[in-house]
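One structure below.
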Ligand SMILES: [Zn+2]
């Protein structure tokens, strides 16, 4: 369960729309002891700036799709967070006594459900999370499939399975 | 010795190992030394100017080296260095 204030909810949609058809990405934080999101961080999707060799972190199927596209078009079907901005956000959370609640990103042409790539990379992140002593984040997806009616859903990804978690706008 | 944790996408270069050991006085030296045993590893971590690639974080214990002194950050016996790609994802599959 995740509770997102209207201002952040609307800003995630604005973020997704401002980059459409590229995917946007970011992070949501709150206190460890409740479900309320209190802070949002927009993170740059650097996918379009990656060299072909840097795409190796995606699996073969996704890589084949990405390689058929121009760098700019690649950001329509994938995102890669800027690592420095991600660390700065984590540092800011620590500074404010907050914890990572969720990563978010947009799907500009498809439903608000995790793709195979989302699930694989989330599972990969699980193995680093333990090392870095981070809480398990949810994954929030903003779908712009129907441009006039954005949909926001939240997911828990565990054991390569995505389970929907309720998300409310407060 | 310093323990280096290798992320999934780089494990093909370390014979599948998730942890390897290395030596060096700084993160930069450590990367150079690892590249001798695992040729090509440095290229996957650093760009052509020698900077850490923009989608990778390197943590010394639990602190990002970008908040320390980057590749000049000193390391010592018993330290753990983690190479962690930032989260990514996609749609359409
Ligand atoms: Zn996705």
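Chains as they are written, first to last, in the working numbering: chain A, 1 to 170; chain B, 1001 to 1093. Cβ coordinates follow ideal geometry from the N, Cα and C atoms, glycine included. Remember, it's a predicted structure, so these values are computed and weren't measured experimentally.
So what's residue i in DSSP terms, helix, strand or just coil?
i                       : result
residue 154 of chain A  : strand
residue 1021 of chain B : strand
residue 59 of chain A   : coil
Can you name the residues of chain B whose CB is closer than 9 Å to the CB of residue i?
i                      : result
residue 117 of chain A : 1088, 1089, 1090, 1091, 1092, 1093
residue 50 of chain A  : 1053, 1054, 1055
residue 23 of chain A  : 1089, 1090, 1091
Looking only at DSSP bridge pairs, what is residue i linked to?
i                      : result
residue 969 of chain B : Past the edges of chain B, shown from 1001 to 1093, lies residue 969 of chain B, and the structure says nothing about it.
residue 25 of chain A  : A:43, A:105
residue 163 of chain A : A:156
residue 80 of chain A  : B:1088
residue 139 of chain A : A:103, A:155
Which bits of chain A does residue i rub up against, with CB to CB less than 9 Å?
i                       : result
residue 1009 of chain B : 56, 57, 58, 124
Quick check on residue i - is its C-beta less than 8 Å from some C-beta in chain B?
i                      : result
residue 102 of chain A : no
residue 121 of chain A : yes
residue 77 of chain A  : yes
residue 80 of chain A  : yes
residue 166 of chain A : no
Under 7 Å Cβ-Cβ, which residues of chain E neighbour residue i?
i                     : result
residue 83 of chain A : Here chain E cannot be found, since the structure's protein chains are A and B.
Could you work out which residues of chain B lie near residue i, taking near to mean beta carbons separated by less than 8 Å?
i                      : result
residue 87 of chain A  : 1057, 1064, 1066, 1067
residue 132 of chain A : 1059, 1062, 1082, 1084
residue 161 of chain A : Within chain B, no residue comes near residue 161 of chain A; the closest Cβ sits about 16 Å away, beyond 8 Å.
residue 46 of chain A  : 1054, 1055
May I ask you to check if the CB of residue i is nearer than 7 Å to at least one heavy atom of ligand 2?
i                      : result
residue 114 of chain A : Ligand 2 is not among the ligands present in this structure, which contains only ligand 1.
Find the residues of chain B that neighbour residue i, judging by a C-beta separation of less than 7 Å, and give them in chain order.
i                      : result
residue 91 of chain A  : 1067
residue 105 of chain A : 1089
Inset, instruction - With 7 Å as the C-beta to C-beta threshold (strictly closer), list the residues of the segment 1049-1082 of chain B near chain A in chain order. - result: Residues of the segment 1049-1082 of chain B with a C-beta atom less than 7 Å from some C-beta of chain A are 1053, 1054, 1055, 1056, 1057, 1059, 1062, 1064, 1066, 1067, 1082, listed in chain order.
Legend entry - Chain-ordered residues of the segment 1031-1051 of chain B with a beta carbon less than 7 Å from chain A: So the list is empty, because no residue satisfies the distance condition.
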